[in-house]
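The next block holds one structure in the form of structure tokens; read it before the comments.
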Amino acid sequence: MKRKVLLSTILALGLMGGTSVSADHTTSYTIQSGDTFWTLSQKFNVSYADILAVNPDANPYNLYIGLRVQIPVNHTDKTYDIYIIQSGDTFWTLSQKFDVPYSDILAANPTVNPYNLIIGQTVNIPKKEVQPPEGNTNTYVIQPGDTFWVISQKLNIPYTELLAANPNANPYNLYPGLVIQLPAKNTESVNAPASYADGYFPLKPGSYQPFTNTYGDGRTYNEDGTLTRKHEGIDMIAPIGTPVYSVYDGVVINKGWNTYGGWRLTVKTPDGKTAFYYAHMSKYAPNVEIGSNITKGQLIGYVGDTGYGPEGTSGQFVAHLHLGMYDITNGYTAVNPFYHLKYWETLNN
Numbered sequence: 024m025k026r027k028v029l030l031s032t033i034l035a036l037g038l039m040g041g042t043s044v045s046a047d048h049t050t051s052y053t054i055q056s057g058d059t060f061w062t063l064s065q066k067f068n069v070s071y072a073d074i075l076a077v078n079p080d081a082n083p084y085n086l087y088i089g090l091r092v093q094i095p096v097n098h099t100d101k102t103y104d105i106y107i108i109q110s111g112d113t114f115w116t117l118s119q120k121f122d123v124p125y126s127d128i129l130a131a132n133p134t135v136n137p138y139n140l141i142i143g144q145t146v147n148i149p150k151k152e153v154q155p156p157e158g159n160t161n162t163y164v165i166q167p168g169d170t171f172w173v174i175s176q177k178l179n180i181p182y183t184e185l186l187a188a189n190p191n192a193n194p195y196n197l198y199p200g201l202v203i204q205l206p207a208k209n210t211e212s213v214n215a216p217a218s219y220a221d222g223y224f225p226l227k228p229g230s231y232q233p234f235t236n237t238y239g240d241g242r243t244y245n246e247d248g249t250l251t252r253k254h255e256g257i258d259m260i261a262p263i264g265t266p267v268y269s270v271y272d273g274v275v276i277n278k279g280w281n282t283y284g285g286w287r288l289t290v291k292t293p294d295g296k297t298a299f300y301y302a303h304m305s306k307y308a309p310n311v312e313i314g315s316n317i318t319k320g321q322l323i324g325y326v327g328d329t330g331y332g333p334e335g336t337s338g339q340f341v342a343h344l345h346l347g348m349y350d351i352t353n354g355y356t357a358v359n360p361f362y363h364l365k366y367w368e369t370l371n372n
């Protein structure tokens, strides 16, 4: 009996206390397996009491899969415009259309599946960019399968520093689309490489995630099933459809499907000594063919997630651009492009 009285008191306080939540500041959510109002409050960073308040007809102890509930949306940090999804819209095209970071649109629409937008659906578009926190920090958008440990290994950041940079994030409840902070980076200068120092970074500022030196890492896919293949390039995570630009002048010497690289493009430099290899693209830019002359900074294709299988395979890994660099003076010898990329990044950003 005491327990029932206590629960009733808690519910009454939750519904009556605190600030009221307007229905205009909610978004709908479909209950999934394992959901409770408590887990939803943690997932969407809203109070348990506010979720109760906007769902007066829902029994918090009898939620079932498929039930539609309302989730309060905190609009106090910034203002939003409501946008109606049109044919061909993606969060990436909207970020370009409204000049808003892709990660901000994800954060403003926590219950929207960015890979399943429906014509006529309404989404929130931030009116102005969120000011970054003080200090030299970057943000990262959680991908499927990410944990703080996985991210620490992927970006070469100490696990404890990731935790310290995200005091309000639950490391055991990360979900795709969540934006976290990366620890302040070392601001030491980047030395110019001995060759091709006047190159061009292949992705525009703000369109990709921070990247690390993954050259030489092991890769788990071989046509014969072995697990010993060396990674001969650098991966830069970016949304599917992100424009890719040529890092240097040259001529296209290879184009088409590759079992590992998916839709790939190889461009030979004018001195005939080096080939730059762009892999996993979703499609090519118009008029880019074998024999085409390419200029530094020219659009050559778009980021994708193709490869690791027969022609047309996609979705085997998170979308990214793989850039390889090869010495072709005597065959094809892989060269680590990481330091070239880090230097070009300082020129283009």
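Residues in the sequence shown are numbered consecutively from 24, following the working numbering. Each residue gets a CB set at the ideal place from its N, CA and C atoms; glycine is no exception.
Through-space distance from residue j to residue i, alpha-carbon basis
| i | j | result |
| --- | --- | --- |
| residue 105 | residue 351 | 53 Å |
| residue 93 | residue 169 | 27 Å |
| residue 393 | residue 357 | Any question about residue 393 goes unanswered here, given that the chain covers just 24 to 372. |
| residue 278 | residue 126 | 32 Å |
| residue 294 | residue 346 | 19 Å |
| residue 134 | residue 116 | 19 Å |
| residue 272 | residue 78 | 60 Å |
| residue 87 | residue 231 | 38 Å |
| residue 201 | residue 122 | 20 Å |
| residue 224 | residue 319 | 9 Å |
| residue 368 | residue 361 | 10 Å |
| residue 344 | residue 359 | 15 Å |
| residue 213 | residue 60 | 49 Å |
| residue 156 | residue 300 | Low confidence applies to residue 156: its pLDDT is 40, below 50, so where it sits in the model is not reliable, and the reading given next is rough at best. Each residue's alpha carbon lies about 36 Å from the other. |
| residue 144 | residue 89 | 19 Å |
| residue 270 | residue 222 | 5 Å |
| residue 283 | residue 163 | 26 Å |
| residue 71 | residue 63 | 8 Å |
| residue 186 | residue 107 | 37 Å |
| residue 254 | residue 137 | 30 Å |
| residue 316 | residue 324 | 15 Å |
| residue 165 | residue 364 | 23 Å |
| residue 219 | residue 262 | 27 Å |
| residue 80 | residue 175 | 43 Å |
| residue 353 | residue 327 | 31 Å |
| residue 281 | residue 167 | 25 Å |
| residue 67 | residue 217 | 49 Å |
| residue 114 | residue 146 | 10 Å |
Extent of the continuous alpha helix (DSSP H) to which residue i belongs
| i | result |
| --- | --- |
| residue 361 | 361 to 371 |
| residue 131 | 125 to 131 |
| residue 73 | 71 to 76 |
| residue 65 | 60 to 66 |
| residue 116 | 114 to 120 |
First and last residue of the uninterrupted beta strand (DSSP E) at residue i
| i | result |
| --- | --- |
| residue 51 | 49 to 53 |
| residue 182 | Counting along the chain, residue 182 falls outside any beta strand (DSSP E), though it belongs to the alpha helix (DSSP H) covering 182 to 188. |
| residue 104 | 103 to 107 |
| residue 136 | Taken as a continuous stretch (DSSP letters only), residue 136 belongs to no beta strand (DSSP E), as it is neither H nor E. |
| residue 268 | 266 to 268 |
Exposure of residue i, with buried meaning 16 or more beta-carbon neighbours within 10 Å
| i | result |
| --- | --- |
| residue 370 | exposed |
| residue 25 | Low confidence applies here, because residue 25 scores a pLDDT of 40, under 50, leaving its location unreliable; read the following figure in that light. Answer is exposed; the Cβ neighbour count stays below 16. |
| residue 91 | exposed |
| residue 286 | buried |
| residue 73 | buried |
| residue 139 | exposed |
| residue 109 | exposed |
| residue 258 | buried |
| residue 65 | exposed |
| residue 177 | buried |
| residue 296 | exposed |
| residue 53 | exposed |
| residue 84 | exposed |
| residue 203 | buried |
| residue 82 | exposed |
| residue 228 | exposed |
| residue 128 | buried |
| residue 191 | exposed |
| residue 260 | buried |
Residue(s) in a DSSP beta bridge with residue i
| i | result |
| --- | --- |
| residue 93 | 51 |
| residue 260 | 343 |
| residue 227 | BP columns for residue 227 are empty, so no partner. |
| residue 204 | 162 |
| residue 278 | 288 |
| residue 306 | 325 |
| residue 317 | 273 |
| residue 147 | 105 |
| residue 349 | 298, 357 |
| residue 56 | None, per the DSSP bridge assignment. |
| residue 337 | 329 |
Q: Answer yes if the region 262 to 278 comes into contact with the region 304 to 314, meaning at least three C-beta pairs across the two stretches below 8 Å, and no otherwise.
A: yes
Q. Contact between the region 188 to 201 and the region 331 to 338: three or more CB pairs below 8 Å?
A. no
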